[in-house]
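Visitor: In this note's numbering, the protein residues as written are 3 to 421.
Structure incoming, see below.
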Amino acid sequence: MPTQHKGPVRANFVSQTKRFCKVIGPGLIVMLADTDAGCLLTAAQSGAEWGYKMVLPQIILIPVLFMVQEMTVRLGIVTRQGHGELIRKYFGTGWAMLAAFTLMASVIGALLTEFIGVAGVSDLFGISRWISIPLVALLLISIAFVGKYRRIEKIGLIFGFAELAFVVALIFVHPQMHDLVHGMITVPWHNSSYLYLVAANLGAVIMPWMIFYQQGAVIDKHLSVKCIKKEQTDTAIGTVITQAIMIGFIILFAAATAHSRATSLSTVGDLVTVLQPYMGYQLARILMGASIFGGSLVAALVVALAGTWGMTEVLNWPHSLNEKLSKKTVGFYGMYALTFVVSATISLIHFNLVKVTIAIEVMNALLLPIVLGFLLLLESRALPSHYQMHGVYKWTVIISCLLVMVFGVYMIGPTTGIW
3 MPTQHKGPVR
13 ANFVSQTKRF
23 CKVIGPGLIV
33 MLADTDAGCL
43 LTAAQSGAEW
53 GYKMVLPQII
63 LIPVLFMVQE
73 MTVRLGIVTR
83 QGHGELIRKY
93 FGTGWAMLAA
103 FTLMASVIGA
113 LLTEFIGVAG
123 VSDLFGISRW
133 ISIPLVALLL
143 ISIAFVGKYR
153 RIEKIGLIFG
163 FAELAFVVAL
173 IFVHPQMHDL
183 VHGMITVPWH
193 NSSYLYLVAA
203 NLGAVIMPWM
213 IFYQQGAVID
223 KHLSVKCIKK
233 EQTDTAIGTV
243 ITQAIMIGFI
253 ILFAAATAHS
263 RATSLSTVGD
273 LVTVLQPYMG
283 YQLARILMGA
293 SIFGGSLVAA
303 LVVALAGTWG
313 MTEVLNWPHS
323 LNEKLSKKTV
333 GFYGMYALTF
343 VVSATISLIH
353 FNLVKVTIAI
363 EVMNALLLPI
373 VLGFLLLLES
383 RALPSHYQMH
393 GVYKWTVIIS
403 CLLVMVFGVY
413 MIGPTTGIW
């Protein structure tokens with residue numbers, strides 16, 4: 003008898019898998035974009051400076067990331083309106099414009115770091131940044147014109163999965179499990195320098211553009227309320243993968259620098275130098291180049307779309323990737339292209355990584371209370387009661403968001419030297 007049921011069970015499994023594959027994407031791509039060039043360099047630096055002691059905080063951040071992003075899933079799918087649109091609808095044009103313009107400033111800053119990552123990789127292979135940056139900008143602008151959102155999403159995922167090239171390096175470096183476990187249970191919470199780094203990670207765990215992107219993406223993908231659970235699963239998978247990448251980078255460079263004095267890893271070339279003794283220069287260059295380049299491209303694509311969606315939603319312009327370039331959509335596509343032109347130009351004219359990083363951290367820290375505050379308010383105002391958070395989960399999310407906002411603002415002081 004059991005054999006008779008294998009056919010229907012297998013068919014049902016295949017059907018469920020196909021339906022899930024049609025939904026998966028927005029959560030995964032936005033999380034892959036979260037581990038961009040700047041984040042990977044930060045993870046490498048954390049591993050070199052603190053060994054395995056930064057692994058536990060990254061694990062703690064997993065539920066925080068998920069809780070914030072899954073709110074955008076419900077808001078986008080149920081209301082069929084983007085984040086900027088909802089702010090304008092419930093709080094007025096003034097607040098919406100403030101959120102949108104601050105978002106665009108953050109987007110331009112984030113794109114600068116992605117182009118810095120591209121330049122770092124091109125330097126590894128002897129290619130001038132005056133060639134690589136314009137070419138990458140042109141590529142990313144062109145992607146928006148290839149067709150519907152789903153096609154663009156697939157291209158972005160291909161870029162993002164290139165980040166996983168670093169996993170091969172882990173095989174060569176051979177991290178020791180005993181050292182990893184010891185590092186996770188001997189966290190120096192009393193050390194002020196360590197706490198600053200933890201605060202920086204908490205303050206930066208939710209990038210403002212992530213909220214705008216995923217809410218716009220689930221709309222452009224035409225997901226229905228029946229897809230909410232599947233899209234939440236997509237977001238959960240993406241959350242685990244992105245934090246696994248961060249943890250993997252920490253472990254990789256904690257192990258690679260365990261027997262050396264190399265603690266300053268500020269460029270892609272520094273990463274290659276540290277790994278060279280374990281696998282040779284050529285392989286180290288290829289693996290790090292692929293990881294940083296992939297992270298930079300997927301982040302640049304997602305960040306630019308997030309900024310464009312946010313601004314055009316507030317301006318009440320047509321803002322769908324499913325509509326081809328026309329007089330009606332020229333504002334949307336023009337703004338998307340302009341973000342790359344401006345950021346690429348600035349990155350070629352002014353290339354001070356330290357100053358750019360400081361400016362971006364400050365902007366994101368200032369933007370977090372605004373964006374997360376609006377997100378929580380919209381979740382309670384824009385959604386019908388049965389789609390809202392309730393009970394213990396609701397208060398867990400609210401407290402987590404408040405902690406992220408506090409740490410984000412707190413990090414302005416150490417970052418700028420104010421306190």
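All C-beta atoms, glycine included, are put in the ideal place defined by N, C-alpha and C.
For M73, which residues from the same chain have a beta carbon less than 7 angstroms from its beta carbon, with the 5 sequence-adjacent residues on both sides left out?
Guide: L377 and E381
Visitor: Taking the alpha-carbon positions, what's the G185 to H388 distance?
Guide: Rounded to whole angstroms, the separation of the alpha carbons of H388 and G185 is 43 angstroms.
Visitor: Give the DSSP-derived three-state secondary structure of M324 in the structure shown.
Guide: Here residue 324 turns out to be Asn, not Met, going by the sequence shown. Residue state for N324 is assigned as coil, using DSSP reduced to three classes.
Visitor: Would you say the segment 177-195 touches the segment 295-315, given that touching needs at least three Cβ pairs under 8 angstroms?
Guide: no
Visitor: Taking only the alpha-carbon atoms, compute the straight-line gap between L166 and I173 and give it to the nearest angstrom.
Guide: Within the model, the alpha-carbon separation for L166 versus I173 is close to 13 angstroms.
Visitor: Going by the beta-carbon positions, is the gap between G86 and V316 smaller than 8 angstroms?
Guide: yes
Visitor: Rounded to whole angstroms, what's the CA-CA distance from Y196 to P190? Just pull it up for me.
Guide: Rounded to whole angstroms, the separation of the alpha carbons of P190 and Y196 is 7 angstroms.
Visitor: Given this structure, state the Cα-to-Cα distance separating A219 from G158, to the nearest angstrom.
Guide: 12 angstroms
Visitor: What number of angstroms, rounded off, separates the C-alpha of I135 from the C-alpha of I118?
Guide: 9 angstroms
Visitor: Does DSSP classify V408 as helix, strand or coil?
Guide: In the three-state scheme derived from DSSP, where H, G and I count as helix and E and B as strand, V408 is classed as helix.
Visitor: By DSSP, does A384 sit in helix, in strand, or in coil?
Guide: coil
Visitor: Can you name, in chain order, every residue of its own chain whose Cβ lies under 7 angstroms from the Cβ of C403, other than the five neighbours on each side?
Guide: V70, L374 and L378
Visitor: Tell me whether the beta-carbon of A258 lies closer than 8 angstroms to the beta-carbon of V276.
Guide: yes
Visitor: N193 by DSSP, collapsed to three states: which one?
Guide: coil
Visitor: My parser needs the alpha helix (DSSP H) runs of 4 or more residues fully inside the segment 243-312; what are they?
Guide: Entirely contained in the segment 243-312, the alpha helix (DSSP H) runs reaching 4 residues are, in chain order, 270-281.
Visitor: Note down, in chain order, each residue of its chain lying with its Cβ closer than 7 angstroms to the Cβ of M33, except the 5 sequence neighbours on either side.
Guide: G240, T241, I243 and T244
Visitor: Less than 8 angstroms between C-beta atoms, sequence neighbours within five positions excluded: which residues of the same chain meet that for I288?
Guide: A167
Visitor: A146 and L323 look like a contact to me (Cβ under 8 angstroms); what is the Cβ gap, rounded to whole Å?
Guide: 7 angstroms
Visitor: What's the gap between the Cα of M209 and the Cα of W52?
Guide: 24 angstroms
Visitor: Going by CA-CA distance only, name the one from G336, G78 and G291 that's closest to V169.
Guide: Ranked by Cα distance from V169, the options G336, G78 and G291 are led by G291.
Visitor: Could you give the C-beta distance for S48 and I252, rounded to a whole number, given that I count them as a contact under 8 angstroms?
Guide: 5 angstroms
Visitor: Tell me which residue opens and which closes the alpha helix (DSSP H) that R82 is part of.
Guide: No alpha helix (DSSP H) contains R82, which DSSP labels as neither H nor E.
Visitor: When burial is assigned at 16 or more other CB atoms within 10 Å of the CB, is R90 buried or exposed?
Guide: buried
Visitor: Can you tell me whether S402 is helix, strand or coil according to DSSP?
Guide: helix
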